[in-house]
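In the UniProt record's numbering, the protein residues as written are 1 to 283.
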């Protein structure tokens with residue numbers, strides 16, 4: 001098992017209430033797309049930062065790739081952990097600090113016993129994969145657009161070849177093109193490279209399209225951990241200021257006007273297929 005939490009609790013200060021309360025959770029590297037959903041302040045970011053070793057649990061047992069992680073864990077083990085479980089922050093400016101795009105992507109591997117020429121070739125390949133061409137190699141990452149900065153941050157994680165990729169609100173604040181670009185990157189990582197993706201998101205379209213598992217958090221607790229089908233069937237999204245997926249809204253309008261039962265469809269491809277059958281009289 002890649003990630004195991006047993007009765008894990010966390011507080012930022014001893015006198016504060018717990019940000020996480022007795023969390024029990026298991027995640028493997030078997031090509032899952034896990035969406036972590038919940039209100040602001042529910043503990044989502046705290047949870048994934050413990051998965052990555054950026055924060056250490058206050059109580060309970062955290063086991064990552066069969067190693068118990070706590071305040072006695074060495075910095076060497078934590079560094080190796082963060083290479084296996086890459087964390088992409090919601091705000092890329094927290095993750096970017098070198099003077100050029102190339103230096104930023106290479107930073108994590110500069111201490112490795114690998115020729116700099118080989119590292120540069122690898123970095124350029126990964127930057128091309130995420131949609132940053134070689135014209136930007138010597139550009140300051142802080143002169144890039146928000147979407148481009150996010151791509152550079154992703155490249156800086158991918159160069160470490162992580163087994164699990166965690167992303168905190170990867171599409172928030174992006175325009176339509178930036179949103180599409182980032183979604184395509186994660187789609188490729190999940191479907192082609194068969195990575196396990198853990199994604200904090202409020203984007204129900206993303207959840208409907210890609211998630212194989214949904215974890216819902218509230219007040220530091222996991223209150224739901226199951227498939228997206230069961231999630232959308234049982235959760236009152238509006239109660240938590242979450243909007244139904246676009247495919248749901250489209251089909252509900254059509255089916256309500258024709259007085260036929262709602263048929264949940266999750267991906268855009270499924271929705272188009274359903275509508276074609278519908279208008280051709282096959283439903």
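The beta-carbon is built from N, C-alpha and C at its ideal position, and this holds for glycine as well.
Just so we're clear, the structure is a prediction, and the values are computed from it rather than from any experiment.
| Query | Result |
| --- | --- |
| Taking the continuous alpha helix (DSSP H) assigned at residue 147, which residues delimit it? | 146-158 |
| Can you give the Cα-Cα distance for residue 134 and residue 128, rounded to whole angstroms? | 8 Å |
| Apart from the five residues just before and just after residue 211, which ones in its own chain have a Cβ nearer than 6 Å to its Cβ? | 33, 35 and 228 |
| In whole angstroms, what separates the C-alpha of residue 217 from that of residue 106? | 35 Å |
| Flag this pair as touching only if the region 56-63 and the region 143-150 have three or more C-beta atom pairs under 8 Å; answer yes or no. | no |
| Helix, strand or coil for residue 204, going by three-state DSSP, please let me know. | helix |
| Using DSSP bridges, identify the partner residues of residue 25. | 5 |
| Skipping 5 residues on each side, what residues in its chain have a beta carbon closer than 8 Å to that of residue 222? | 23, 24, 25, 215 and 216 |
| Quick one: Cα of residue 147 to Cα of residue 259, how far? | 42 Å |
| Please report the straight-line C-alpha distance between residue 177 and residue 171, rounded to a whole angstrom. | 11 Å |
| Going along the chain, which residues of its own chain have a beta-carbon closer than 6 Å to the beta-carbon of residue 266, five neighbours each way excluded? | 208 |
| I need the boundaries of the beta strand (DSSP E) containing residue 59, first residue and last residue. | 59-64 |
| Among 239, 49, 175 and 271, which one has its Cα closest to the Cα of residue 254? | 271 |
| Less than 7 Å between C-beta atoms, sequence neighbours within five positions excluded: which residues of the same chain meet that for residue 1? | 26 and 28 |
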